[in-house]
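Trainee:
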Amino acid sequence: MPQDPAHDLDLTPNPAALVLLRQRGHLFPWVPVALALGIAAYFSLPVEPHGATVAALAAGAMVIALLARRTGPALSPLIWALALIAAGAALAAVRAQSVAAPVLGWRYYGPVEGRVIGIDRSASDAVRLTLDRVRLREVSPA
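FYI, the numbering for the sequence shown is 355 to 496, going by the working numbering.
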C-alpha cells in the first residue's frame with residue numbers, strides 16, 4: 355500500500371526557527387542594533403559611495419522590508435534585520451553627505467582671511483590654526 359507523501363514531511367520547525375518564534379514580540383530592542391550595524395558598515399567602506407549607490411541601497415532596504423512582510427513568522431525577523439542594516443547604511447550616507455563641509459578640489463595658493471578661533475599643534479608638531487568665516491581670494495563662497 356503506497357504511503358501518503360505528506361506523511362513523510364517533517365513539519366516541525368528547526369531549533370533556530372523555534373528560538374525566533376519564542377522571541378516574537380520581543381525583538382524590537384534589536385532595531386537600533388541592526389541600524390548600527392548598517393552605520394558601521396558604511397563607515398568601514400574605504401571610499402565614499404556614489405549617490406546612485408546610496409539610492410539603490412535605500413530602495414533595496416524598502417524592497418527587503420516588503421519581502422519581510424510577506425514571509426513566515428520564523429524567517430521574517432531575519433529579513434527585517436537585513437532591511438534595517440541596509441537602511442542604517444543608507445541613513446549614514448545621507449547624513450554624512452548632508453553635513454559635509456566644502457572641500458577644494460585643487461591646491462590653493464593665495465591669501466586666506468578669517469577669524470582665528472583656535473591654535474594648536476598637529477601630529478607633526480606644526481602650528482595649526484582653526485579659522486572661522488574663511489575667505490579665499492577669487493574663490494566663491496560655498
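Glycine residues also receive a C-beta, built at the ideal position from the N, C-alpha and C atoms.
Gly426: buried (16+ other C-beta within 10 angstroms of its C-beta) or exposed?
Mentor: Counting Cβ neighbours within 10 Å, Gly426 comes out exposed, since fewer than 16 surround it.
Trainee: Return the first residue and the last residue of the alpha helix (DSSP H) that Val417 is part of.
Mentor: Per DSSP, Val417 belongs to the alpha helix (DSSP H) from Gly405 to Arg424.
Trainee: Please say whether Arg461 and Asp474 have beta carbons closer to each other than 9 Å?
Mentor: Contact flag unset, no.
Trainee: Only counting the same chain, and skipping five residues up and downstream in sequence, which positions put a Cβ closer than 6 Å to that of Ala454?
Mentor: Same-chain partners within the cutoff: there are none.
Trainee: Report the rounded CA-to-CA distance for Ala447 versus Leu389, giving the unit in angstroms.
Mentor: C-alpha separation (whole angstroms): 12 Å.
Trainee: At which residues does the beta strand (DSSP E) containing Gly472 begin and terminate?
Mentor: Where Gly472 is concerned, the enclosing beta strand (DSSP E) stretches over Val466 to Arg475.
Trainee: Determine the closest residue to Ala443 out of Val387, Ala395, Ile471 and Pro386, with distance taken between C-alpha atoms.
Mentor: That would be Ala395, whose Cα lies nearest to the Cα of Ala443.
Trainee: Whose CA, out of Ala415, Ala428, Ala441 and Arg491, lies closest to the CA of Pro386?
Mentor: Of the listed residues, the one whose Cα sits closest to Pro386 is Ala441.
Trainee: Can you confirm whether the region 368-388 touches the region 415-422 when touching is taken to mean that 3 or more C-beta pairs between the two stretches lie within less than 8 Å?
Mentor: With the cut-off at 8 Å, the region 415-422 and the region 368-388 do not touch.
Trainee: Nearest to Met416 by CA position, among Ile439, Leu429, Ser494 and Arg449, is which residue?
Mentor: That would be Ile439, whose Cα lies nearest to the Cα of Met416.
Trainee: Which whole-angstrom value describes the C-beta separation of Val498 and Leu490, a residue pair presumed to lie in contact below a C-beta threshold of 8 Å?
Mentor: Nothing about residue 498 can be reported from this structure: the residues present for the chain run from 355 to 496 only.
Trainee: Could you check what DSSP says for Val481 in three-state terms: helix, strand or coil?
Mentor: Of the three classes helix, strand and coil, the one that applies to Val481 here is strand, per DSSP.
Trainee: Once the 5 residues before and after Leu391 are set aside, which same chain residues still bring their CB inside 7 Å of it?
Mentor: Around Leu391: Ile439 and Gly442.
Trainee: Buried or exposed for Val488, going by 16 or more other Cβ atoms inside 10 Å?
Mentor: Classification for Val488: exposed.
Trainee: Val457 lies in the alpha helix (DSSP H); which residues open and close that run?
Mentor: Unbroken run through Val457: none, as it is neither H nor E.
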